[in-house]
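Down below is the structure, laid out as structure tokens.
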Amino acid sequence: MTRWETHVHTAEGSACGRVFGAEMACVCKQLGYDGMIVTDHFYHGNTAVSRDLPWESWVKQFCMGYRNARAQGEKIGLTVLFGWEYSWNGADFLTYGLTPEWLLAHPETIQVSPKAYLQMVRDAGALVVQAHPFRMAHYVDAIKLLPDCTDAVEVYNGGNTDIRFNERAQWYAESYGLPQVSGSDAHEIDRFSGGVLVDGILQMAEDYGKAVWEGRIVGLIRDGKDVPFGL
Numbered sequence: 038m039t040r041w042e043t044h045v046h047t048a049e050g051s052a053c054g055r056v057f058g059a060e061m062a063c064v065c066k067q068l069g070y071d072g073m074i075v076t077d078h079f080y081h082g083n084t085a086v087s088r089d090l091p092w093e094s095w096v097k098q099f100c101m102g103y104r105n106a107r108a109q110g111e112k113i114g115l116t117v118l119f120g121w122e123y124s125w126n127g128a129d130f131l132t133y134g135l136t137p138e139w140l141l142a143h144p145e146t147i148q149v150s151p152k153a154y155l156q157m158v159r160d161a162g163a164l165v166v167q168a169h170p171f172r173m174a175h176y177v178d179a180i181k182l183l184p185d186c187t188d189a190v191e192v193y194n195g196g197n198t199d200i201r202f203n204e205r206a207q208w209y210a211e212s213y214g215l216p217q218v219s220g221s222d223a224h225e226i227d228r229f230s231g232g233v234l235v236d237g238i239l240q241m242a243e244d245y246g247k248a249v250w251e252g253r254i255v256g257l258i259r260d261g262k263d264v265p266f267g268l
């Protein structure tokens with residue numbers, strides 16, 4: 038069994054990120070994780086990258102947090118994978134399994150409608166997880182639930198300020214029979230509290246999706262504690 042942090046922001050890619058990718062990787066390793074997935078805020082969200090840049094330059098800068106975390110991870114024995122968090126007026130969708138090279142080849146990801154985006158990345162093999170679906174905050178204009186457009190639900194989010202947001206997310210996942218996952222939503226080094234327990238190892242971008250679809254998520258990390266399913 039391996040421990041994975043699935044929702045991490047870096048100062049390179051997210052305007053709300055407070056710590057650079059390399060340091061986030063070090064802290065993640067110190068806390069006993071085997072790997073982490075960098076999920077910086079994408080183009081329509083709270084990105085740290087200027088939208089005035091040409092697409093190639095934008096993608097290169099956007100991926101710096103991931104690349105720096107991965108380089109550090111290779112030194113310390115932490116596997117680091119790539120993802121991003123797509124935003125639709127406060128409704129956020131974690132996108133896993135696609136590479137920086139795929140993103141570079143698809144500038145239309147920032148032009149299509151949100152539902153068309155979700156369809157496009159899933160058709161390309163991505164796992165789409167709705168993050169903190171019941172969070173209420175100043176930047177959330179409305180709660181949007183798209184069970185037919187997502188593959189799993191983040192039922193524990195370490196960044197939620199009200200336990201009811203997580204409880205409602207779990208109710209939603211159970212109501213629709215969607216797989217349940219967890220993530221810290223870490224923007225700082227003291228915010229690691231979530232993640233998933235995986236039966237097996239993850240090495241490639243697409244491996245997390247395979248683990249979810251094959252039922253190899255065997256538990257969640259909540260409030261820093263490992264909670265295997267069935268307990």
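Note that the numbering used here gives residue 59 to position 22 of the sequence shown, counting from 1, and the numbers run on in steps of one. Just so it is clear, CB atoms sit at the ideal spot from N, CA and C, and this is done for glycine as well.
- Taken in chain order, the unbroken stretches of beta strand (DSSP E) that lie wholly in the stretch 111-172 and span 3 residues or more are 116-125, 128-133, 164-168.
- Rounded to the nearest angstrom, the gap between the Cα atoms of V149 and A108 is 33 Å.
- Here DSSP, grouped into helix, strand and coil, assigns K66 to helix.
- The shortest CA-to-CA distance from T146 to any of F79, A210, Y133 is the one to F79.
- G69 and F119 have their C-alpha atoms roughly 20 Å apart.
- Straight through space, the alpha carbons of V86 and V249 are spaced by roughly 30 Å.
- Around the CB of F229, 16 or more other CB atoms lie within 10 Å, so the residue is classed as buried.
- G220 and E60 do not touch by the CB rule: their CB atoms are close to 18 Å apart, not below 8 Å.
- Spanning the alpha carbons of F130 and G246 requires a straight line of approximately 14 Å.
- Excluding its 5 nearest sequence neighbours in each direction, E49 has C-beta neighbours in its own chain below 7 Å: F57, G58, A85, M101, G102, N105, listed in chain order.
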